[in-house]
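Asker: The sequence shown runs 1 to 198 under full-length UniProt numbering.
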Amino acid sequence: MKFSLAEELRRKSAHFFGLAWVLVSYYITLKQTILLLGLFFFLTLVNASLHKYLVRIPLLGNFVDFLHSMARAEERHAKIYYGAVYFFGSLIVVLFATQSLPIFRGAAIVLIIGDAFSAIIGKAFGKTELPYNPFKSVEGSIAGLIAASIAAAFVLPIPLAIFAAFIGMFIESIPWDLNDNLTMPIGVGFFLWILTSL
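Take a look at the structure:
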């Protein structure tokens, strides 16, 4: 348990760097945010792909080394890490599809805060398995829901923040072979877009 928790803490610490994108979006336009995300998506994709073959691009290679150090053991063994690629790609999809910075911010925060807290609390205190996913705990999901709701309330109305957190944590708990960095922002963004369009 101690090793597992330490591993999760180390891995999830990378998530909090994503909060910078929420802050940056307050100082630039929607189009500029999309372009900047697109640039990082492309650079991260290229670097993550080249990393597998031990090809490095100056400066950016150091960034990928950092991301790679935060990957799961099986990802490091495969010498590839696409978590950041999914992160940037999913947020581009959310922004492009919804044309809404508040929805983008809410989706990003639910992923960053909700996923991190659910994993850390689940590893440390999780005892009750979810009925549909034995690898996730009730305690972790509740912690993620509460943390994501509070954090999202800084960028969304409280009812929408709670709704976004609930959707995000439900998606995070589904036992499928898809990366949370991809599914959570897109799922949260899609449902927020529907709800705000009614």
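Note that CB positions come from ideal geometry on N, CA and C, so glycine has one too.
All of these numbers come straight from a predicted model, not from anything done at the bench.
Can you have a look at V110 and say buried or exposed, based on whether 16 or more other CB atoms are within 10 angstroms of its CB?
Answerer: buried
Asker: Kindly confirm or deny that the stretch 175 to 189 and the stretch 105 to 119 touch, where touching means at least three C-beta pairs closer than 8 Å.
Answerer: yes
Asker: With DSSP as the reference, label P157 as helix, strand or coil.
Answerer: coil
Asker: If I follow the unbroken beta strand (DSSP E) through S137, where does it start and stop?
Answerer: That run of the beta strand (DSSP E) goes N133 to S137.
Asker: In this structure, does DSSP put L192 in helix, strand or coil?
Answerer: helix
Asker: Is it a yes or a no for the stretch 169 to 177 touching the stretch 142 to 158, going by three-plus beta-carbon pairs under 8 Å?
Answerer: yes
Asker: Taking DSSP as the reference, what is the three-state secondary structure of L198?
Answerer: coil
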